[in-house]
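Trainee: Mapping of the sequence shown onto this note's numbering: residues 138 to 264, in sequence order.
The structure that follows is given in the form of structure tokens.
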Amino acid sequence: MAWGLAQWFIYGEVDWVRLNQQLRQFCPLLAGALFGAGWWCWIDAIVYSKSVMDSAFPFTYWLPGIISSLALVLMNLTRAKCWLFISYLIAFGAVAGSVAVLITCAQQNQHIWVGVVRCLASCQSDC
Numbered sequence: 138m139a140w141g142l143a144q145w146f147i148y149g150e151v152d153w154v155r156l157n158q159q160l161r162q163f164c165p166l167l168a169g170a171l172f173g174a175g176w177w178c179w180i181d182a183i184v185y186s187k188s189v190m191d192s193a194f195p196f197t198y199w200l201p202g203i204i205s206s207l208a209l210v211l212m213n214l215t216r217a218k219c220w221l222f223i224s225y226l227i228a229f230g231a232v233a234g235s236v237a238v239l240i241t242c243a244q245q246n247q248h249i250w251v252g253v254v255r256c257l258a259s260c261q262s263d264c
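Have a look at this one:
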């Protein structure tokens, strides 16, 4: 099966224009679904932390998600390459911040679920 698919791509008649048009229609939907799933997981972690564990966590744990969302808005704001590069740097900084939140949660041995979800949500948002 896989070999036949590889042969089809290498030697077969692939309509790249049609495939490109279909990807242009499908990829924004996938990106929006990943972005929404990331925020949904984050809100679920907040509700779980408040209701089941009966504990709150600092506002600084929210910052990587807010910065990541802001970076995505900046990416779509203009087509200038310098601006796009800066927004990518901001997005990768948000991922690094979410990893820092995860490490902080693991070192303090509390809110580990929140740290894991923050890291996953930032990575999903920046896909």
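Positions of the beta carbon are idealized from the N, C-alpha and C atoms, including for glycine.
The model shown is predicted, which means the values in this text are computed figures rather than measured ones.
For the structure I just gave you, are there three or more beta carbon pairs, one from the region 234–242 and one from the region 198–212, closer than 8 Å?
Mentor: In short, these stretches touch, since the Cβ pair count reaches three.
Trainee: Could you give the DSSP three-state label for Thr241: helix, strand or coil?
Mentor: To locate residue 241, count along the sequence shown from 1; it is residue 104. Here Thr241 sits in helix by DSSP.
Trainee: Could you tell me the boundaries of the alpha helix (DSSP H) in which Phe163 lies?
Mentor: Within the sequence shown, numbered from 1, the residue matching residue 163 stands at position 26. First-last of the alpha helix (DSSP H) with Phe163: Trp153 to Ser188.
Trainee: Under 8 Å, with one C-beta from each stretch per pair, do the region 247–256 and the region 181–188 reach the 3-pair mark?
Mentor: The region 247–256, when compared against the region 181–188, does touch it at the 8 Å Cβ threshold.
Trainee: Can you give me the Cβ contacts of Phe194 inside the same chain, cut-off strictly under 7 Å, excluding the 5 residues immediately before and after it?
Mentor: Position 57 of the sequence shown holds residue 194. For Phe194, where only same-chain residues beyond five positions count, the Cβ hits under 7 Å are Ser186, His248 and Val251.
Trainee: Tell me whether Asn246 sits in a helix, a strand or coil according to DSSP, three-state version.
Mentor: In the sequence shown, residue 246 corresponds to position 109, counting from 1. Coil, per DSSP.
Trainee: Closer than 8 Å, CB to CB, is Val254 near chain B or not?
Mentor: Here there is only one protein chain, and chain B is not present.
Trainee: Within the continuous alpha helix (DSSP H) that includes Ala208, where are the two ends?
Mentor: For the purposes of this step, residue 208 is taken as residue 71 along the sequence shown, with counting starting at 1. It spans Leu200 to Leu214 - the alpha helix (DSSP H) in which Ala208 sits, taken as one unbroken run.
Trainee: From Phe222 to Phe172, what distance separates their C-alpha atoms?
Mentor: Position 85 of the sequence shown, counted from the first residue, corresponds to residue 222. Position 35 of the sequence shown, counted from the first residue, corresponds to residue 172. So the alpha carbons of these two residues sit roughly 20 Å apart.
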